[in-house]
Amino acid sequence: MATYYETWIDRSETVRDQTSYTYYINTYYTMEKDAYDKILSAYPDNKEFTSGKASELASKLGFNKDTMDIFVGFLDGIQTSLNKEIDVKSVDDDTEIDLDINYEKLYYNMRDAKATWLFKLNSWKKVLSDEKASEIAREYRDANIAHSEKIGRNDPCPCGSGKKYKKCCGKNA
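Quick note, the sequence shown lines up with residues 42 to 214 if you use this note's numbering.
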């Protein structure tokens with residue numbers, strides 16, 4: 042029998058039937074949003090939503106026995122925002138889980154994933170001040186500005202030929 046993680050990877054990365062795949066992914070997005078909303082809304086006293094046995098924690102966050110693979114997908118997604126990582130590949134119903142969340146990093150990662158439905162949740166107001174959220178958004182924008190260096194005519198050609206750019210790839214530019 043496949044683990045929850047193996048089922049999650051198989052169902053989230055393999056498209057056998059477009060309709061059922063879309064339904065599965067949309068179910069994940071909806072459940073993920075609800076789980077984050079519960080965690081953020083209960084902040085700072087949200088221990089009941091962030092630690093416990095996997096099956097019990099999943100139930101409190103809105104997942105059930107049939108969606109445990111989606112719960113493990115949720116854990117896989119939050120993994121990079123935790124102070125202490127979880128071995129999501131081995132999570133089963135009885136695994137003890139403690140989500141030690143770095144909320145600033147979580148907010149940044151949600152922006153990085155372009156998950157507007159998550160970083161625009163009203164429940165973030167309980168966790169981050171408007172100033173802090175704006176500061177993190179600014180950090181994200183600053184880190185993701187596209188930079189391109191202009192190649193000078195007399196610079197070596199970036200193709201590696203050893204010729205000057207004007208005599209090589211820049212000839213037709």
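Glycine included, every Cβ here is placed at the ideal spot set by N, Cα and C.
Query                                                                                                                                                                                     : Result
For residue 93, write down the residues that DSSP places opposite it in a beta bridge.                                                                                                    : 138
Would you say residue 138 and residue 76 are within 8 Å of each other, going by their C-beta atoms?                                                                                       : no
According to the neighbour-count rule (16 or more other Cβ atoms, all chains shown, within 10 Å of its Cβ), is residue 69 buried or exposed?                                              : buried
Would residue 124 and residue 107 be called neighbours here (beta carbons separated by less than 8 Å)?                                                                                    : no
Would residue 116 and residue 129 qualify as a contact pair, given that the criterion is a beta-carbon distance under 8 Å?                                                                : yes
Where do the N-terminal and C-terminal ends of the alpha helix (DSSP H) with residue 193 fall, by residue?                                                                                : Looking at the DSSP string, residue 193 is not in any alpha helix (DSSP H), and its letter there is neither H nor E.
Looking at the unbroken alpha helix (DSSP H) that takes in residue 126, where does it start and where does it end?                                                                        : Taken as a continuous stretch (DSSP letters only), residue 126 belongs to no alpha helix (DSSP H), as it is neither H nor E.
Are residue 49 and residue 114 touching if we call contact CB-CB under 8 Å?                                                                                                               : yes
Could you spell out the range, first to last residue, of the alpha helix (DSSP H) harbouring residue 175?                                                                                 : 171–184
Could you name the residues of the same chain whose beta carbon sits closer than 8 Å to that of residue 197, not counting the 5 residues immediately before and after it, in chain order? : 203, 204, 205 and 206
So is the beta-carbon of residue 78 under 7 Å away from any non-hydrogen atom of the ligand FMN?                                                                                          : In the structure on display, the ligand FMN does not appear, and there are no ligands present to speak of.
Please confirm whether residue 164 and residue 82 have their CB atoms less than 8 Å apart.                                                                                                : yes
Please tell me whether residue 281 and residue 175 are closer than 8 Å, where the distance is taken between their beta carbons.                                                           : This structure leaves residue 281 out entirely; the chain is present only between 42 and 214.
Name the one or two DSSP bridge partners that residue 205 has.                                                                                                                            : 197
Pick from 78, 105, 85 and 88: whose alpha carbon is nearest that of residue 45?                                                                                                           : 105
Is the CB-CB distance between residue 65 and residue 57 below 8 Å?                                                                                                                        : no
How is the alpha helix (DSSP H) around residue 120 delimited, first residue to last?                                                                                                      : Note, residue 120: premise wrong, no alpha helix (DSSP H); not H, not E.
Exposed or buried, which one is residue 60 when buried takes at least 16 other CB atoms within 10 Å?                                                                                      : exposed
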